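Just below is one structure, and these are the notes that go with it.
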Amino acid sequence: VQNLAVDRIKIDKSFIDAVQGESKPLIEAMIKMARAKGLKTTAEGVETDEQSDALVALGCDSLQGFLISRPLARAAVVDLYNGAGKQPCTA
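For the sequence shown, the UniProt record's numbering gives the first residue as 1, with consecutive numbering after it.
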């Protein structure tokens with residue numbers, strides 16, 4: 001990892017599906033390794049509140065998945081962001 005130009009570790013959905021069971025120690029180790037190397041972590045495929053809660057408790061930096069939003073076209077993301085009372089943005 002130290003020789004790669006990366007800033008983030010993405011944790012695959014296959015691990016996230018079992019975050020409250022057999023994958024928990026491995027996910028925790030991934031997050032600790034990322035932090036030790038100064039990297040952020042993103043969990044992919046988060047679909048339930050329970051998964052979200054477990055990942056936040058483990059210190060995961062960001063979440064992706066259907067719990068957050070279905071995949072959106074770029075224009076829909078801009079509309080969603082602008083409609084949330086934030087500063088206007090462009091993509």
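For glycine and all other residues, C-beta sits at the position ideal for the given N, C-alpha and C. Bear in mind the structure is a predicted one, so any value in this text is a computation, not a measurement.
Name the residue from the options whose alpha carbon lies nearest to the alpha carbon of residue i.
i, options, result
"I11", "E28, R70, A36, L80", "E28"
"D53", "A5, L4, I16, A75", "I16"
"L39", "N82, P25, N3", "N3"
"A43", "N82, L26, L72", "L26"
Can you look up residue i in the DSSP assignment and give me helix, strand or coil?
i, result
"S69", "coil"
"A43", "strand"
"S52", "helix"
"S14", "helix"
"L80", "helix"
"L26", "helix"
Below 8 Å on the Cβ atoms is my contact criterion, and I expect residue i with residue j to pass it. Report the Cβ-Cβ distance as a whole number of Å.
i, j, result
"residue 92", "G65", "No information on residue 92 is available, as it lies outside the stretch 1 to 91 that the chain covers here."
"L67", "L55", "L67 to L55, Cβ: 10 Å. No contact."
"V19", "Q51", "5 Å"
Spatial neighbours of residue i within its chain, please: C-beta separation below 6 Å, excluding the five flanking residues on both sides.
i, result
"G45", "K13, I16, G65"
"A34", "I9, T41"
By Cβ distance below 7 Å, which residues in the same chain neighbour residue i in space, the five residues on each side in sequence not counted?
i, result
"I31", "T41, L58, G59, C60"
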